[in-house]
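Structure record follows, encoded as structure tokens.
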Amino acid sequence: MSDTILAVAAGHEITSADVDAFIQRLPQQQQAYASNPQFRAQALQQLIDMYLFEQKAIEEKLEETEEFQQVLASVKADLLSRMAMTNVIQSVTITDEEKKTFFEENQAQFMQPATVSAKHILTDTEEECKKAAAEIAAGEKTFEDAAKAYSTCPSNAQGGDLGPFGRGQMVKEFEDAAFDGELHTVLGPVKTQFGYHLIYVYDKQEEQTKTYEEVAAQSDQMALQQKQQKEFDAVANALAVKYGVEKK
Numbered sequence: 000m001s002d003t004i005l006a007v008a009a010g011h012e013i014t015s016a017d018v019d020a021f022i023q024r025l026p027q028q029q030q031a032y033a034s035n036p037q038f039r040a041q042a043l044q045q046l047i048d049m050y051l052f053e054q055k056a057i058e059e060k061l062e063e064t065e066e067f068q069q070v071l072a073s074v075k076a077d078l079l080s081r082m083a084m085t086n087v088i089q090s091v092t093i094t095d096e097e098k099k100t101f102f103e104e105n106q107a108q109f110m111q112p113a114t115v116s117a118k119h120i121l122t123d124t125e126e127e128c129k130k131a132a133a134e135i136a137a138g139e140k141t142f143e144d145a146a147k148a149y150s151t152c153p154s155n156a157q158g159g160d161l162g163p164f165g166r167g168q169m170v171k172e173f174e175d176a177a178f179d180g181e182l183h184t185v186l187g188p189v190k191t192q193f194g195y196h197l198i199y200v201y202d203k204q205e206e207q208t209k210t211y212e213e214v215a216a217q218s219d220q221m222a223l224q225q226k227q228q229k230e231f232d233a234v235a236n237a238l239a240v241k242y243g244v245e246k247k
């Protein structure tokens, strides 16, 4: 049970819920161990130590020191400002019309670029590349078998398959040949800085504009964040006028 008392330290009851809350305040990567008994035991011990040392600090009147007061003021300012910022952001909502308007004005962000899916064979010399091409053309080897036999690229283990890629992901000579060449045709040799390539394009996808329905969740979130940022900036500017800001 979340209200089960696990320990009492300096008069403070520490429950399972307290341990859960403590773990939730830890970095995300550490929270992954929340269900680990040993990790929870360590978290409990840290809470126990916290209350014990808090009592020691009270007895030593550390809260009366200037250092404590400075830290307390800083923490208070940070916490209050974060709460106020959160209130501003959470007060922002967007209408269906605003959602659609944002999408229409930002359709370029939701474009699906053109891609090709290709296999290739990379060799150090043009002669090797032509030899592989000849064996493929004669039916002595499939493209995939030739890739395993001749290609120096790690993709040779997959029969030379590079999967889908868009413009800007490959060197220009390779990219131009793949995008401009015919489907299901062995292209090459194509010379690049890496050597000589045979290229086999087995699929092409043209550039597409996604519909609002396809990207509604992403688009609506972006629209909301944009409006939240505008509201935050407006409030920040108004507060600067109201309370004054002087940079030196």
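Here numbering that gives the first Met the number 0 is used: the first residue of the sequence shown is 0, the next is one more, and so on.
Built from N, CA and C at the ideal position, the CB exists for glycine as well.
Predicted model only: the values in this text are computed from it and were never measured.
Run through the DSSP bridge pairs and tell me what residue i is partnered with.
| i | result |
| --- | --- |
| ASP202 | SER116 |
| ASP160 | LYS118 |
| GLN111 | GLN207 |
| TYR149 | Note: TYR149 sits in no beta bridge, so no partner. |
| GLU12 | VAL7 |
| THR191 | GLY194 |
| LEU186 | ILE198 |
| GLY165 | THR114 |
Where does residue i land, buried or exposed, given buried means 16+ other C-beta within 10 angstroms?
| i | result |
| --- | --- |
| TYR201 | exposed |
| ASN155 | buried |
| LEU71 | exposed |
| SER218 | buried |
| VAL170 | exposed |
| VAL74 | exposed |
| ALA136 | exposed |
| GLN149 | Before going on, a small fix: residue 149 reads as Tyr here, not Gln. Answer is buried; the Cβ neighbour count reaches 16. |
| GLY10 | exposed |
| GLY162 | exposed |
| ALA131 | buried |
| GLY243 | exposed |
So, for residue i: in the same chain, excluding its five sequence neighbours on each side, which residues have a beta-carbon less than 6 Å away from its beta-carbon?
| i | result |
| --- | --- |
| PHE38 | TYR32 |
| GLU213 | none |
Between residue i and residue j, which are expected to be in contact by the criterion C-beta below 8 Å, what is the C-beta distance as a whole number of angstroms?
| i | j | result |
| --- | --- | --- |
| PHE145 | GLU134 | The sequence shown places Ala at residue 145, rather than the Phe named in the question. 6 Å between Cβ atoms; contact. |
| LEU197 | CYS128 | 6 Å |
| GLN41 | GLN30 | Not really, about 13 Å apart at Cβ, beyond 8 Å. |
| VAL185 | PHE142 | 7 Å |
| ILE13 | LEU51 | Not confirmed; about 11 Å, so no contact. |
| GLN57 | LYS226 | Looking at the sequence shown, residue 57 is not Gln but Ile. About 47 Å separates the two Cβ atoms, so there is no contact after all. |
| LEU182 | LYS203 | 6 Å |
Residues in its own chain within less than 8 Å of residue i by CB, not counting five upstream and five downstream?
| i | result |
| --- | --- |
| ARG166 | PRO112, ALA113, GLU174 and PHE178 |
| GLU206 | MET110, GLN111, PRO112 and ALA113 |
| GLU172 | VAL189, LYS190 and THR191 |
| ASP123 | THR151, GLY194 and TYR195 |
| VAL18 | LEU5, ARG39, ALA42, LEU43 and LEU46 |
| ASN105 | SER218 and MET221 |
| SER90 | GLU230 |
Within the same chain, show all residues whose beta-carbon is closer than 7 Å to that of residue i, passing over the 5 residues directly before and after it, in chain order.
| i | result |
| --- | --- |
| VAL87 | GLU230, PHE231 and VAL234 |
| LEU61 | PHE67 |
| ASP160 | LYS118 and SER154 |
| GLN54 | ALA9 |
With hydrogens ignored, establish whether the beta-carbon of residue i is closer than 7 Å to any heavy atom of the ligand FMN.
| i | result |
| --- | --- |
| PHE193 | Ligands in the displayed structure: none, and consequently the ligand FMN is not present. |
**Study point:** Contact between the region 96 to 103 and the region 221 to 229 (3+ Cβ pairs under 8 Å)
**Key:** Contact between the region 96 to 103 and the region 221 to 229 is present: three or more C-beta pairs spanning the two stretches fall below 8 Å.
Exercise for review: Check whether the region 169 to 180 touches the region 72 to 88, counting contact only when three or more Cβ pairs, one atom from each stretch, lie closer than 8 Å.
Suggested key: At 8 Å Cβ cutoff, the stretches do not touch.
**Study point:** Stretch pair the region 100 to 120 + the region 185 to 197: three plus CB contacts closer than 8 Å
**Key:** Touching, per the Cβ criterion.
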